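Chains as they are written, first to last, in full-length UniProt numbering: chain A, 1 to 480; chain B, 1 to 480.
For reference, the structure is listed below as structure tokens.
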């Protein structure tokens, strides 16, 4: 891997890019932040790896990527020594329900019909605006500590999620859920459309938050409402996040789907499958579905670990990847995969495809890291801004230390990341040019206060959850 | 989960156990080490969980397990505050080739026939007694830092592995490989039998090392040699570690197997399947195989993550577990799974069975943790000594902190461990009553010296490996 190294001088990359300043010859250009001494994985088209690499940041933007010679041309008030660690684009989690982190670890006793016997009663009783705010804060810290710099989410009270996410300092695409029954922040069916519209207008130009619609699924949102959301999303230029083909029986659950079209074909048929759509899961897809998604410029958020844990199946990710689909990685919510970071998901991304295709040579580490970075950016239609370390892109960067025994040896950084690293190896996280975590220390919030708030929520939920488990397990034994 | 708590007083458990001392009434008994303030997962038959629990250790043995009231009856020169963390038996990795950690991360570029085009040339060129010693040290540190206290291994120069393992302070079952062609430490075919015999005699009574035979597989060791090993293992009372049913075509590769018996049936037929045998992998097993293994009192080392990465399949682990087979978890070697710890493997243990059986209610976290501890002990035929926190057992104990954001909330410690924790959350590792790591600091060896030795090996291997990759990838393109 280390053989294929080319040095990118900032001058070369600056050519044709009008947003960045060309350093003056013979004098040092003042930047805001410099990262030195890293093994830089650029994830550019050539997948250049720069040994002893340097990245120069001016405010929120990368202005130079190259070797140590850059140090003679740039200076900055803050310089981070990567200490031979791996420097790469922040990872992008393309599907989550982050506030459910308040419930993670619950209902793991093998409960039948967990969604209806456990999730929904729990959310009905315990969800609140405050819980969503506090839990998002915990979740955003967990993401930052594990090297995720952007996440996409479908949940409720997304304005409070936005507030918590910005406090921690992460980037997010936040979709307000639209569904055919009353929910915590919308007492009327489909009340989420109005909530989302207001949220989108409020956050339209936010540097960190991309506001979005999140119609729940094709079987819980009517044709007419999907079409209304499509019109609004075009008008407001907002993404549309939706669960599609997570279950094998979705076609028969779609109201009015007399021809039993596949969920993807249904979206096409009703005129809403377009390049603002992000389809979460996409497990039960055939080649025609993949063709339709590609033609439309829509994308898929692939959640291989959650899909294994929930026994929902193995998506055709290798096929989608090989055919150039916009494909990113996600975890699904913290009650589905429990971890919000992507480290284990990296390994599942490779290994599930290998099992499925009975071929150990596919989905190699370089491809997996591509999916977790620029792939995620493409899936969120943000590849012009994030997903690689290139001049002109936003400075969303993580450093992974390589001194710990579990990171040794490091022959091939992609393999080291996919198969050896764990969240604790992430040392520094930078989002939009701001240092969110340095040497594992979270910068922007009071950690003790956040942890205390979570403990209070945990204590409040624990008793109720215990009773719910008893009931759920009792109903299971009645069923058996 | 927390509802099912019962307090075990030392007096109760001491009854009938002559190896431990009964504390004097009205005065404090002097022990050597006490752990306080932990959420203690005993993994005893009742799976008792003790909140605010205490464990008392005298030399190498657990002498009391109970609640905080024990503190009035015992004192010790060293007390470890678990700070509300999870205290559990050290995990047991039942299948590894630890010194291959020197090569981890190599040959991950999607190489066809990786075993012959990559592994064997690499081992032939680079394996040495010194590499095995140094790499074992790195591997043992990695294991200790991730909460594995006992590992079982099949490799070469096991006397050097024993030396390195003891220096770090871990427990191990070390099997010297026996195979039909010359290898690094045995120039004659089957030279491993003699090497193993000497090793077993030397380490027969070692407190940490259980010496063993490791015939490689049924298709690489003849019937006669398997029978000879069986006789010697009975005479020396040594375990026999062997790869079985890792590949679907093993039956046809067994010399003399005219009836095309399954690998397990073959072992039974030739009279060597007994209660000293540990079968690694066991992927391609039918019900008859499972019955034969159970009847013989043999065991299976299950490697779900390595088997997924290598696309070798999903073993019938749920069937084996439900039928009470001696079943433990393993990682396979560091070129197969790259991580030597069990954390990710815990998640694969649950999730692969759920996918296979299309049932999200099976292999719940409590069962997975059982497999990683007492299950591993039973698989290694060591359940009288290790695998649970009970009076009279060896003090092999780990503490996992629960303060980090990724460990919050902690409603159900088993779920927290299986789905949230990562190796970096292990704070303290105790083996045989000795503290091997405390607050992540390795105690018994000079870490900088170990790391320098590994870097020297890495530099030496890197160039050779690069050329090997080029050749292997070239041969792949010629094949295509």
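No residue lacks a Cβ here, since even glycine has one placed at the ideal position from N, Cα and C.
On a predicted model such as this, the values are computed, not experimentally measured, just so you know.
Based on DSSP bridge pairs, tell me the residues matched to residue i.
i, result
"residue 213/A", "176/A and 240/A"
"residue 329/B", "302/B"
"residue 437/A", "429/A and 442/A"
"residue 271/B", "BP columns for residue 271/B are empty, so no partner."
"residue 278/B", "241/B and 299/B"
"residue 125/B", "BP columns for residue 125/B are empty, so no partner."
"residue 394/A", "61/A"
"residue 34/B", "56/B and 79/B"
"residue 495/A", "For residue 495/A there is no data in the structure shown, the boundaries of chain A being 1 and 480."
Taking Cβ-Cβ distances shorter than 9 Å, what residues in chain A pair up with residue i?
i, result
"residue 361/B", "109, 110, 111, 112, 114, 311 and 476"
"residue 104/B", "408, 409, 411, 415, 416, 419 and 420"
"residue 285/B", "Per Cβ cutoff of 9 Å: no residues; residue 285/B is ~17 Å from chain A at best."
"residue 83/B", "Neighbours of residue 83/B on chain A: none; closest Cβ ~13 Å, over 9 Å."
"residue 424/B", "404, 406, 422, 423, 424 and 425"
"residue 308/B", "347, 348, 350, 351, 352, 354 and 355"
Just to make sure I have the definition right: I need the residues of chain A whose C-beta is within less than 7 Å of the C-beta of residue i. Which are they?
i, result
"residue 257/B", "Neighbours of residue 257/B on chain A: none; closest Cβ ~24 Å, over 7 Å."
"residue 462/B", "411"
How about residue i and residue j: are their beta carbons less than 8 Å apart?
i, j, result
"residue 193/B", "residue 157/B", "no"
"residue 387/B", "residue 89/B", "yes"
"residue 364/B", "residue 109/A", "yes"
"residue 272/B", "residue 139/B", "no"
"residue 106/A", "residue 465/A", "yes"
"residue 421/B", "residue 60/B", "no"
"residue 174/A", "residue 153/A", "yes"
"residue 127/B", "residue 184/B", "yes"
"residue 296/A", "residue 274/A", "yes"
"residue 94/A", "residue 301/A", "yes"
"residue 373/B", "residue 91/B", "yes"
"residue 371/B", "residue 321/B", "yes"
"residue 309/B", "residue 350/A", "yes"
Does residue i pass the burial test, meaning 16 or more other C-beta atoms within 10 Å, or should it be called exposed?
i, result
"residue 428/B", "buried"
"residue 416/A", "buried"
"residue 246/A", "buried"
"residue 423/A", "buried"
"residue 262/B", "buried"
"residue 288/A", "exposed"
"residue 204/A", "exposed"
"residue 432/A", "buried"
"residue 447/B", "exposed"
"residue 461/B", "buried"
"residue 316/B", "buried"
"residue 326/B", "buried"
"residue 478/B", "Reliability of the predicted coordinates at residue 478/B is poor, the pLDDT of 48 falling under 50, and no value is obtained from them."
"residue 199/A", "buried"
"residue 459/A", "exposed"
"residue 187/B", "exposed"
"residue 182/A", "exposed"
"residue 72/A", "exposed"
"residue 469/A", "buried"
"residue 338/B", "buried"
"residue 249/A", "exposed"
"residue 114/B", "buried"
What residues from chain B crowd round residue i, counting only those whose CB sits closer than 7 Å?
i, result
"residue 142/A", "405 and 406"
"residue 280/A", "Here the premise fails: no neighbours, minimum Cβ distance about 18 Å."
Which residues of chain B have a Cβ atom closer than 8 Å to the Cβ of residue i, listed in chain order?
i, result
"residue 465/A", "411"
Show which residues of chain B have a CB atom less than 9 Å away from the CB atom of residue i.
i, result
"residue 458/A", "408, 409, 410 and 411"
So which residues of chain C does residue i contact, with C-beta pairs closer than 8 Å?
i, result
"residue 317/B", "Going by chain labels, chain C is absent from the structure shown, which instead holds the protein chains A and B."
### Contact residues within the stretch 173 to 197 of chain B, judged by C-beta distance below 9 Å to chain A
Those would be none; no residue qualifies.
### Query
Got a sec: which bits of the stretch 334 to 349 of chain B sit with their beta carbon under 7 Å from any beta carbon on chain A, in order along the chain?
Cβ contacts with chain A come from 338, 339, 344 and 347.
### Message
If the cut-off is 7 Å on Cβ atoms, which residues from the stretch 354 to 379 of chain B count as contacting chain A, listed in chain order?
### Response
Result list: 354, 355, 358, 359, 360, 361, 362, 364 and 365.
### Task
With 9 Å as the limit, tell me which residues of the stretch 232 to 259 of chain A have their beta carbon closer than that to any beta carbon of chain B; keep them in chain order.
Those would be none; no residue qualifies.
### Task
Below 8 Å between beta carbons is the criterion; list the residues of the stretch 134 to 164 of chain A that meet it against any residue of chain B, in chain order.
Going along the stretch 134 to 164 of chain A in chain order, one finds 138, 141, 142, 145 and 146 with a Cβ nearer than 8 Å to chain B.
### Query
What residues in the stretch 433 to 454 of chain A bring their beta carbon closer than 9 Å to a beta carbon of chain B?
Correct list: 442, 447, 450, 451 and 454.
### Query
At a Cβ cut of 7 Å, what residues of the stretch 32 to 61 of chain A count as close to chain B, listed as they run along the chain?
For the stretch 32 to 61 of chain A, which is checked against every Cβ of chain B, not one residue is closer than 7 Å.
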